[in-house]
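Peer 1: Going by this note's numbering, the first residue of the sequence shown is number 31, and it counts up by one from there.
Please find one structure pasted underneath; my questions will follow.
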Amino acid sequence: MEGLDATHLRTFAAVVGEGSFEGAARLLHVTQSAVSQRIRALEATVGQVLVRRSRPCRATPAGEPLLRLAGQLVLLEREALAEARGPLSGTPGSRSGVGTGTRVAVVANADSLATWFVPALARLPADLAVRFDVRQDDQDHTADLLRDGTVMAGVTAQRTPVQGCRVRRLGALRYRALAAPAPAGRWFPDGVTEEALAAAPVIVFDRRDRVQHRFIRAVAGRDLDPPVHYVPSVPAFSEAIRLGLGWGLVPEQLARADVAAGRCVDLAPDRFVDVPLYWQHWRLDSPILAALTEAVRAAAADALR
């Protein structure tokens, strides 16, 4: 079989990364027809359909390993060229260097993004000139984006390394059960009992969020089916609790201010949920990935249990 064309691989990665053939054409400064021709040529070489022509475009199972390969090639190529030209252009990340604007796609859960993860990104040396493409997903599902090659690193609850990745434990994000003071008195007059948990409305981030249900199971000893409000935004989630729409589990870093100000009460100060988090990244000898991993581990050491 003939070898894989590097231009075709870059185009494939652009289609999936941008979510469309049109977006890839804009990114690569070529026509949409040229993008289509390259994808068809790559699929002919492999003998498989590699792109789901959906909105957004997705890699098929056959395309996932090629998507990882394409991303790794782009990263290593840019770093190698930047290092080679460094003496001529000042530093690898200088404006005249090839390393300028290296795109790094990462994923984290919403609560990490709202608390400690963005400060981790800000720790990277400025001369790396990284452009972040940050994705958000539930910590139990972020590994899926590593597996299909969409991102090169991410925060995940999965301790088993995805194929082709390294994994490092970061610590645990602790959650506290909060409610507004007045509703808390009505819903939990005798404390956080099984009967009260079954009846009190609960705020849940989205249908993948199981943190509240873990707390209920730990306290009640079994699963319950309380009334649920879905609020898929970290600021709106906390606001819904403060306004008395329901109770919910809030990251300890965010919960402290509301409890201290009297806007919320901790329903069970001796009970909490710890969600272990891990950092997974491509198994590459990459200065950018090494610097990113060091920054993430340092920020996690400051913020997590």
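Note that the Cβ used here is the ideal one computed from N, Cα and C, for glycine as well.
Could you pull out every residue in the same chain whose Cβ sits closer than 7 Å to the Cβ of P304, ignoring the five residues on either side in sequence?
Peer 2: As a position in the sequence shown, residue 304 is number 274, starting the count at 1. Note on residue identity: the sequence assigns Asp, not Pro, to residue 304. Excluding sequence neighbours, D304 sits near A202, R204 and R335.
Peer 1: Would DSSP call L334 helix, strand or coil?
Peer 2: The residue given as residue 334 occupies position 304 in the sequence shown. Coil.
Peer 1: What's the gap between the Cα of S84 and the Cα of A212?
Peer 2: For the purposes of this step, residue 84 is taken as the residue at position 54 of the sequence shown. For the purposes of this step, residue 212 is taken as the residue at position 182 of the sequence shown. C-alpha separation (whole angstroms): 48 Å.
Peer 1: What does DSSP give as the partner residue(s) for D163 in the beta ladder?
Peer 2: Position 133 of the sequence shown, counted from the first residue, corresponds to residue 163. Answer by DSSP bridge pairing, in chain order: A135.
Peer 1: Using 8 Å as the cut-off, can you tell me whether the segment 61-80 makes contact with the segment 37-45, which would need three or more C-beta pairs spanning the two stretches below that distance?
Peer 2: Cβ pair count under 8 Å is three or more, so yes.
Peer 1: In angstroms with no decimal places, state the Cα-to-Cα distance between G77 and V104.
Peer 2: In the sequence shown, counting from the first residue as 1, residue 77 sits at position 47. In the sequence shown, counting from the first residue as 1, residue 104 sits at position 74. In a straight line, the C-alpha of G77 is about 23 Å away from that of V104.
Peer 1: Looking only at its chain, what residues have a beta carbon closer than 6 Å to the beta carbon of G93, apart from the 5 residues adjacent to it on each side?
Peer 2: Start at 1 with the first residue of the sequence shown, and residue 93 comes out as number 63. Closer than 6 Å at the Cβ level, and outside the excluded window around G93, lie L80.
Peer 1: Three or more beta-carbon pairs under 8 Å between the segment 274-291 and the segment 142-150, yes or no?
Peer 2: Touching, per the Cβ criterion.
Peer 1: Going by beta carbon distance, what residues of the same chain come within less than 7 Å of C195, once the five residues before and after it are set aside?
Peer 2: Residue numbering aside, residue 195 sits at position 165 when the sequence shown is read from its first letter. The residues are L176, Q310, H311, W312 and R313.
Peer 1: Less than 8 Å between C-beta atoms, sequence neighbours within five positions excluded: which residues of the same chain meet that for L273?
Peer 2: Position 243 of the sequence shown, counting from 1, holds the residue named residue 273. Result list for L273: A210, in chain order.
Peer 1: If we count the other Cβ atoms within 10 Å of its Cβ and call it buried at 16 or more, is H38 buried or exposed?
Peer 2: Within the sequence shown, residue 38 is the residue found at index 8, counting from 1. With 16 or more other Cβ atoms within 10 Å, it is buried.
Peer 1: With a threshold of 16 other CB atoms inside 10 Å of the CB of D253, please say whether the residue is buried or exposed.
Peer 2: As a first step, residue 253 must be located in the sequence shown, where it is residue number 223. Classification for D253: exposed.
Peer 1: The beta strand (DSSP E) that contains T186, what's its start and end?
Peer 2: Here residue 186 refers to the residue found at position 156 of the sequence shown. It spans A183 to T186 - the beta strand (DSSP E) in which T186 sits, taken as one unbroken run.
Peer 1: Apart from the five residues on each side of it in sequence, which residues of its chain come closer than 7 Å, Cβ to Cβ, to R82?
Peer 2: Counting from one through the sequence shown, the residue named residue 82 turns up at place 52. Once the five neighbours on either side are set aside, the close Cβ partners of R82 are R88 and T90.
Peer 1: If you follow the beta strand (DSSP E) that G278 is part of, which residue opens it and which one closes it?
Peer 2: The residue you call residue 278 lines up with position 248 of the sequence shown. That run of the beta strand (DSSP E) goes G278 to P281.
Peer 1: Use the C-beta contact count for A74: other C-beta atoms within 10 angstroms, 16 or more gives buried, fewer gives exposed.
Peer 2: Reading the sequence shown from its first residue, position 44 is the one you call residue 74. Exposed.
Peer 1: Residues in the same chain with beta-carbon distance under 6 Å from S263, minus the five sequence neighbours each way, listed in chain order, please.
Peer 2: Numbered from its first residue, the sequence shown carries residue 263 at position 233. Cβ within range, chain order: n/a, list empty.
Peer 1: Do A329 and A138 come within 8 Å of each other at the CB atom, strictly closer than that value?
Peer 2: Translated into positions along the sequence shown, residue 138 becomes position 108. Translated into positions along the sequence shown, residue 329 becomes position 299. Going by C-beta atoms, A138 is not nearer than 8 Å to A329.
Peer 1: Give a yes or no on whether the C-beta atoms belonging to G101 and G179 are separated by under 8 Å.
Peer 2: Residue mapping note: residue 101 aligns to position 71 of the sequence shown, counting from 1. Residue mapping note: residue 179 aligns to position 149 of the sequence shown, counting from 1. Yes, Cβ-Cβ distance for G101 and G179 is below 8 Å.
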